[in-house]
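Everything on this sheet refers to the single structure shown next.
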Amino acid sequence: MKRLLFLIFLFPFILRAQTDTVNTFVFPGIQDSIPGTSLILKNNILLFQKVYSSALNKEELASALRSFLPTVNSFELSDVTNQTTYQLKGKISNYFVNFLKYGDGYRGVAYLIYFPLNADVLIQIKDKKYRVTISNLIVQQYYESSIINKDNAALESFLTKDDRSKIQKSNKLMKTAQYINYELTTSFDLNSTAKVTDDF
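Each step along the sequence shown adds one to the number in the working numbering, with nothing skipped, and position 93 is 136.
This is the structure:
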């Protein structure tokens, strides 16, 4: 009788121990990021998002960016109807990441870095700072040696796992992501080009 009473008392605890505590629902917002970069995984989509600082006020910064952006490699502003005074939209087309300038050569990078990127760019301007958000990063005409067809594929399909809820942490993919981050960071940095022209 004591055993039966003990089992009846213990039965609810055993049932509670069997419930799955892992929540499979993906909450909106930032899910993961790549350390040391501005690449984040937000709502299962990989984004580049960086805030740049400047000494210029809002109007001067908007004017400087409008004259600077046409010099960015493979970047094109959208037509005037999609623009506002302090929010600029554009696209990156056929953007090749120049990973060779970082000194490692061809070793240790993912195969996807050899293909051009296309993306949507949004630039939001405030006093003394601006934020660049690059979304919809697409690797153009990606193929492997065993595949004949060339397809466009989202960058997050290469860098994420578990239904795009986490970023893969392999060394090769992390190095590739860092090169993409370096290229995008320097491409949209208004201050880095100003320093070069001042010193020259």
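Using N, Cα and C, we set each Cβ at its ideal position, and we do this for glycine too.
Item, Value
"Could you tell me which residues DSSP puts in a beta bridge with Asn-161?", "Ile-181"
"Run through DSSP, which three-state label would Ala-98 get?", "coil"
"DSSP puts Ser-230 in a beta bridge; with which residues?", "DSSP output for Ser-230 lists no bridge partner at all."
"Following the continuous beta strand (DSSP E) through Thr-121, name the residue where it begins and the one where it ends.", "Note that residue 121 is Ser in the sequence shown here, rather than Thr. No beta strand (DSSP E) contains Ser-121, which DSSP labels as neither H nor E."
"By DSSP's criteria, Thr-203 is part of a beta bridge. Which residues make up the other side?", "Ile-210"
"Quick one: residues in its chain with C-beta nearer than 6 Å to the C-beta of Leu-131, no 5 flanking neighbours on either side, listed in chain order?", "Ile-166"
"In the DSSP assignment, the beta strand (DSSP E) including Asp-194 goes from what residue to what residue?", "194 to 197"
"Rounded to whole angstroms, what's the CA-CA distance from Gln-221 to Pro-78? Just pull it up for me.", "9 Å"
"So, at 7 Å on beta carbons, what are the nonlocal neighbours of Lys-204 in its own chain, with the 5 sequence-adjacent residues on each side left out?", "Gln-211"
"Can you tell which of Leu-112, Leu-202 and Glu-119 has its C-alpha closest to the C-alpha of Asn-214?", "Leu-202"
"Return helix, strand or coil for Ser-76, following the three-state DSSP convention.", "strand"
"Since I believe Val-115 is in contact with Arg-174 (beta carbons under 8 Å), could you give me their beta-carbon distance rounded to a whole number of angstroms?", "16 Å between Cβ atoms; not a contact."
"Run the CB neighbour count on Tyr-162, radius 10 Å, all protein chains shown included, and call it buried at 16 or more, exposed below.", "Note that residue 162 corresponds to Ala in the displayed sequence, not to Tyr. Label assigned to Ala-162: buried."
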